[in-house]
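Taking it in order: structure first as structure tokens, then the write-up.
In full-length UniProt numbering, the protein residues as written are 1 to 205.
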């Protein structure tokens with residue numbers, strides 16, 4: 001990582017780049033930058049065209065920092081993880097699609113539930129990939145305790161979300177349709193600790 005001392009104290013330069021980024025972001029995506037989050041993906045960037053636009057805007061901001069503010073430090077963002085994990089999920093899904101197209105005897109049922117499970121599987125796989133990518137970045141940029149705390153917060157959120165969707169599947173009787181990628185994120189002790197799920201389980205016996 002190359003760190004330059006040129007113009008690093010010119011806060012106004014960085015403010016101008018950020019202001020330009022905010023203006024373009026809010027105009028083109030019609031979303032407040034203050035309300036935006038990139039993990040898990042904000043709904044505004046869930047389709048491919050808006051995601052690519054978001055990436056281009058982020059890259060323009062980084063370029064502005066470099067060319068106008070003379071800051072060539074490695075960007076302290078998780079855009080790299082966004083790219084890596086997005087590409088990984090797309091490649092895996094393309095392989096699945098090719099495999100299905102080659103199997104002429106396979107029967108598919110289209111339903112709202114199956115569509116939901118497919119998208120849920122993508123989300124859980126992305127979250128798993130993102131956490132693996134994020135951890136070394138955080139450890140490099142933060143102190144040991146700060147990094148540990150930051151990683152734990154993200155992991156807790158992901159696990160909370162996985163537990164939540166697992167509960168929904170259990171309550172609605174759709175345990176078997178919960179994607180394996182989501183099952184791996186569920187807290188192993190969560191079901192045994194939840195009195196509501198215990199009652200449901202007892203009633204099913």
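Positions of the beta carbon are idealized from the N, C-alpha and C atoms, including for glycine.
Quantities reported herein were computed from a predicted structural model and do not represent experimental measurements.
Please report how far the alpha carbon of residue i lies from the alpha carbon of residue j, in whole angstroms.
i, j, result
"residue 130", "residue 49", "21 angstroms"
"residue 128", "residue 152", "14 angstroms"
"residue 114", "residue 81", "28 angstroms"
"residue 60", "residue 21", "8 angstroms"
"residue 121", "residue 65", "37 angstroms"
"residue 29", "residue 45", "8 angstroms"
"residue 171", "residue 181", "19 angstroms"
"residue 33", "residue 174", "37 angstroms"
"residue 90", "residue 177", "21 angstroms"
"residue 63", "residue 83", "17 angstroms"
With a CB to CB cut of under 6 angstroms and the five nearest residues on each side skipped, what residues in its chain are close to residue i?
i, result
"residue 187", "159, 163"
"residue 155", "none"
"residue 36", "42"
Name the residue from the options whose alpha carbon lies nearest to the alpha carbon of residue i.
i, options, result
"residue 58", "125, 86, 119, 24", "24"
"residue 125", "93, 135, 26", "93"
"residue 85", "118, 147, 134, 26", "134"
"residue 119", "184, 167, 179, 87", "179"
Output needed for residue i: all residues of its chain with C-beta closer than 7 angstroms, excluding positions within five of it in sequence on either side, in chain order.
i, result
"residue 69", "7, 10, 13, 14, 17"
"residue 88", "129"
Counting along the chain, where does the alpha helix (DSSP H) carrying residue i start and finish?
i, result
"residue 121", "112 to 141"
"residue 57", "48 to 69"
"residue 161", "144 to 171"
"residue 37", "Element bounds for residue 37: n/a, residue is neither H nor E."
For residue i, I'd like the list of residues in its chain whose CB is within less than 8 angstroms of its CB, leaving aside the five on either flank, ordered along the chain.
i, result
"residue 150", "138, 142"
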